[in-house]
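Numbering (this note's numbering), first residue to last: 359 to 1350. Working notes, structure below.
Structural data, given as structure tokens:
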């Protein structure tokens, strides 16, 4: 007999939902001895990792008892290695706090041994209780004692009556929120009215949820009875079968008499008052309403029919799987699939449980890849050969949906007509508002009566909702502000089956009608960021409605507006995909020289350039510009647009002088033809500022940007996207001229407006925040700069990818920050990635490739690899001279760095000569008070001291420090470094 502690203790019992009956029974038995118990369902999917989740259990105080089974370890699909590590670490951190009981003889992770588990499977209640108490070091002399408080049944003891409940699904996954909502609805219902309807689409898992609930809570019922309820005769027969099970005389009475006796016994709670009756698959409430039991027990109905809401039942929606649930389920069904492959399958099937079960079952026994299988499935959607049936889902998912849709086809023609219209929108959200605003002249004749009759429309829509074919979603806005019914959700499987069932003659008028609806909803101003949410609502439906193949000029213009919106909103990949799809179609349909094809090519070029496909963009832009120059001359407006676009690509490929000539010609000609304040002229003026900045002519670039900004503020508006872009240009100009305080003040205000107008992750907002980070760094706010640059890099990488040109630019600047103020190893890793990225995209001879090689050389110098660093610095200097000449600021910066590398490697005279030349040229190009010229003064002083020219070194050092105090202030980091005789270096900054 164990004589453990007699004092009440506190326990936390952690369990997988599948094993809830055991957790509840153990908790009850511990409470009978006066202990406090908290039940905690194990849900590692909502924790960062297994170790963290186990630590959370220990933080509650008291001892932790884990109820172990295969389900406990598969709840988050973690590997055995992860579990072993987590269990060893958590028991080391919390010795004697963790214990375990085990409900299975299946293999478990080896580190379970540290928990010293005790086995409960296959035992009776007395032995199980004895083992639990002994494992927890509690007294065992009162095993089986009762206080008189009725508790749950021992899990190994079935309910007194257990009637034809389906076999428990060993792969049941997730649904904890649904089961929780179901339990709450049943327990909180008024006495005698505990009836809940599980509502959802065919194959979404309503029966599975009801089955799992019956098993999970079986210990709390004396009677669990399952009634198939697809039709009334079967329902009545199965309900009558409960009579003899309850000990009621069946005799020769009619079904009606037997059913009345059953209902009366359930109402009275005699002989059992804890009962659960499940009516599975009742889509016709009239079949069941008069047969619903009342009393102290619970009733669950599964149905696709929302009409149950008006029949005194609570509704609990059974939605599609959440994505983590889908992935876990698939990997249980098909063990060979990785998490990425499971995610790919779930994405393709929209997390539809029936489809996931049958497709994952097929893949479990097939060597086919997920991609190849999905291609097969698309070709053979109606074939049993592409799925594997299971006892849990015995009907192929296309068949299950087809049965439901056939019912609608045969009995509800208006609902069918509305559903057929819906499928010419994309699967998912269908914007009902647009259909209600259907242009009267474009309504197909056979739909006119339905669309123009609000009563018929609502009746048809409600019928689709009633059978869970679609789900309604409502806006959060008040009705007076346009709120209310907004969209319907249409599952991809329903969409595909209905769409494939339509012949060409039936499909064409519906497709044409939806195209007209979409075009009528075109806001018409893609440059207005306030209208972007409306464009975002339209984009998903372009392909499904046949917009890309339309010959209607109005529809084609609508598509072009959508592409322009995508470019302005920073959705470059979507823009490129649509442009490439449309290009071949339109060229075949309209010819290469058609106006619409040419307009399309501008968006195509822009998307290619923004995504780093510079060679393709240059070829496309040059071809278009050459053709228009030959046909129309260089003063034609369309030619100017084409040559300006071509010049924009040339900027990306570092052909700055060629681009400058084209852009200055375009600006001068636009100004002459359209006037100084025309928006097109202002765009051209902005482009001139960009090329001047890239050429290192910072003052001219700033003056041009400032004039453009003032005009745009007057002609457009302060919050227009183009005006905001000019603001960034001005702030960049001030920073590049060394006017750091002015640059910082302007950019701080500009970023606030960008976030308000465009959002935090728009490319232009990221550009503004990146420039603010650079302004903070140059102004001496080192922590603020680091936080900004890191945040922009993380978001740009997440939103656009690591190889996106903008991401590379930010990564380069963050690496230079880390070299000076952070982790030098991380700086090197990022610098090497940036160099590889630029060399791959732009080639070895591009200034961005050359400049970032120079930055990498500074990292190697900081790590003590002086010879290698000198090699990279000299390589950058030679490369930049060849690309941009001796007088470009980037060349001067490379020269400044090369002097330092020569000095520390003993090439002292060479360092002095290069330092003198660099200072002289920097003062001529940038002015004597520019930070780079002042850095060249300090660098020359350092080189002169190395060759014992102390007097001249002192003069240069004194002049440099006075200049830094005058321009940056006495406490600026550059000034302080100069006083400390710390040699300055220059960071190459790629520009947007």
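Even glycine gets a Cβ: it sits at the ideal position worked out from N, Cα and C.
Nearest to residue 772 by alpha-carbon distance, out of 544, 1282, 808, is 808. Contact between the stretch 1039-1053 and the stretch 1222-1232 is absent: fewer than 3 CB-CB pairs across the two stretches fall below 8 Å. At least 8 Å separates the beta-carbon of residue 821 from that of residue 676. DSSP, reduced to helix, strand and coil, places residue 637 within a strand of the structure shown.
Secondary structure at residue 526: coil, using DSSP grouped into helix, strand and coil.
The C-alpha of residue 385 is placed about 6 Å away from the C-alpha of residue 395. Non-local beta-carbon contacts of residue 476 in its own chain, meaning distances under 6 Å to residues more than five positions away in sequence, involve 459, 489, 493 in chain order. For residue 935, there is no enclosing beta strand (DSSP E); the enclosing alpha helix (DSSP H) covers residues 930-948.
Taking 8 Å as the cut-off, the beta carbon of residue 845 is found closer than this to the beta carbon of residue 790. At the C-beta level, residue 604 and residue 620 come within 8 Å of one another. Residue 367 carries a coil assignment under DSSP once its states are collapsed to helix, strand and coil. Around residue 1051, the same chain offers 1059 as residues with beta carbons nearer than 6 Å, after the five sequence neighbours per side are excluded. Residue 1344 carries a coil assignment under DSSP once its states are collapsed to helix, strand and coil. Using a C-beta cut-off of 8 Å, the stretch 635-645 makes contact with the stretch 553-572, since at least three inter-stretch Cβ pairs fall below that distance. Where residue 784 is concerned, there is no enclosing beta strand (DSSP E), because DSSP gives it neither an H nor an E.
Boundaries of the alpha helix (DSSP H) around residue 1195: 1182-1200.
Contact annotation: residue 1117 and residue 1082 have beta-carbon atoms that are not nearer than 8 Å.
The stretch 1061-1077 and the stretch 1095-1106 do not touch, with fewer than three beta-carbon pairs separated by less than 8 Å. One alpha carbon belongs to residue 977, the other to residue 726, and they sit about 40 Å apart. Residue 1259 sits away from residue 1194, with the two beta carbons spaced by 8 Å or more. The beta carbons of residue 1277 and residue 1298 sit closer together than 8 Å. Take residue 1012, set aside five residues on each side of it, and the residues of its chain with a beta-carbon closer than 6 Å to its own are 1204, 1205, in chain order.
Residue 1228 sits away from residue 1290, with the two beta carbons spaced by 8 Å or more. Taking C-beta atoms as the reference points, residue 1086 and residue 1125 count as a pair closer than 8 Å. A direct Cα-to-Cα measurement between residue 828 and residue 472 gives close to 51 Å.
Relative to the Cα of residue 970, the nearest Cα in the group 996, 989, 988, 934 belongs to 934.
8 Å or more divides the Cβ of residue 1322 from the Cβ of residue 1300. By the Cβ-count criterion, residue 513 is buried, with 16 or more other Cβ atoms from all chains shown falling within 10 Å of its own Cβ. For residue 1157 and residue 1187, the gap between their C-alpha atoms comes out near 21 Å.
The DSSP-derived three-state label of residue 456 is strand. For the alpha helix (DSSP H) assignment, the uninterrupted runs of no fewer than 4 residues enclosed by the stretch 1206-1274 are, from N- to C-terminal side, 1224-1242, 1247-1262.
No residue range can be given for residue 653, since it is assigned to no alpha helix (DSSP H) and is classified by DSSP as neither H nor E. Distance from residue 1155 to residue 1165 at the Cβ level is roughly 5 Å; contact confirmed, criterion being Cβ atoms closer than 8 Å. Residue 1265 and residue 1304 have their C-alpha atoms spaced approximately 10 Å apart. Rounded to whole angstroms, the separation of the alpha carbons of residue 645 and residue 545 is 26 Å.
For residue 398, the enclosing beta strand (DSSP E) starts and ends at 394-399.
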